[in-house]
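Please read the structure below before turning to the comments.
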Amino acid sequence: GQQLNQSPQSMFIQEGEDVSMNCTSSSIFNTWLWYKQDPGEGPVLLIALYKAGELTSNGRLTAQFGITRKDSFLNISASIPSDVGIYFCAGPRNFGNEKLTFGTGTRLTIIP
Amino acid sequence: GAVVSQHPSWVICKSGTSVKIECRSLDFQATTMFWYRQFPKQSLMLMATSNEGSKATYEQGVEKDKFLINHASLTLSTLTVTSAHPEDSSFYICSATPPYAIEWNQPQHFGDGTRLSIL
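Going down the list, the sequences are from chains A and B. Mapping of the first sequence onto this note's numbering: residues 1 to 112, in sequence order. Mapping of the second sequence onto this note's numbering: residues 113 to 231, in sequence order.
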């Protein structure tokens, strides 16, 4: 079945640093979603991407839909303490809004 | 915006007990809701699709007799973990999509999850 692999698995950075993470798939996705999950809570949508090559920003976050439709990237600029959490990419198994496959996650930790 | 609510947020019970978790769409009607399970330090895995007025569809490897799903109304889906055992301890999360979001291909909204601990 479809698998979404995220890299890196974890990151330890200092406040103010920029962050880059990516998500790759063995198959094509028509939509890429990026979520953030805080401990003990459900995932919250950060950015949704719908077109190959699309570059979308949400504040300090920027995500891109890879041209091959098999990957996506998320960048966070000037990280702050509240950026700590787990970031998941996700994609619907079929076109539209149905069942989501989630990536393996990237855990972001900010070192004081 | 659209909100999905889960109850309870946390439950601890003895092995062999059945536990019911509720998922509600607070300001929209949802004909479809999804149930996910997340083990510690792992990703979310889809368990089943809850369909209003009809049977739920389960993902491969998920026991339908173990995880009973009822979607009796357009705003409520329940997941009952029957005869729960320690290995069922996990974080259970539901999601739903408002009708307008479906039309605009907008993503699902997730509840805050229910942490289930079986002793």
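Heads up, the beta-carbon is just placed ideally off N, CA and C, and yes, glycines get one too.
Here the C-alpha atom of A/Phe12 lies approximately 11 Å from the C-alpha atom of A/Ser79. The three-state reading of DSSP puts B/Glu164 in coil, since its state is none of H, G, I, E or B.
Within chain A, the residues Glu98 and Lys99 have their CB atoms less than 9 Å from the CB of B/Thr161, given in chain order. For B/Thr209, no beta strand (DSSP E) encloses it, and the DSSP letter there is neither H nor E. Under DSSP, A/Ile86 takes part in a beta bridge, and its partners are A/Gln37 and A/Arg107. A distance below 8 Å separates the beta carbons of A/Ala48 and B/Pro219. Cβ-Cβ separation between A/Thr104 and A/Gln6: approximately 5 Å, consistent with a contact (criterion under 8 Å).
Contact annotation: in the stretch 75–93 of chain A, residues whose CB is within less than 7 Å of a CB in chain B are Phe88.
The Cβ-Cβ distance between A/Ser26 and A/Asn75 does not fall below 8 Å. Per DSSP, A/Ala52 lies in no beta strand (DSSP E) segment and is marked neither H nor E. Contact between the stretch 131–149 of chain B and the stretch 175–195 of chain B is present: 3 or more CB-CB pairs across the two stretches fall below 8 Å.
Contact note: B/Gly223 reaches chain A through Gly42, using a C-beta cutoff of 7 Å and chain order. B/Ser117: member of the beta strand (DSSP E) spanning Val116 to His119, first to last residue. When only Cα atoms are considered, A/Phe88 and B/Ser207 end up about 15 Å apart. If you draw a straight line from the Cα of A/Gln9 to the Cα of A/Cys23, it is about 11 Å long. B/Ser130 has its alpha-carbon roughly 14 Å from the corresponding atom of B/Thr226. Per DSSP, the beta-bridge partners of A/Phe12 are A/Thr109.
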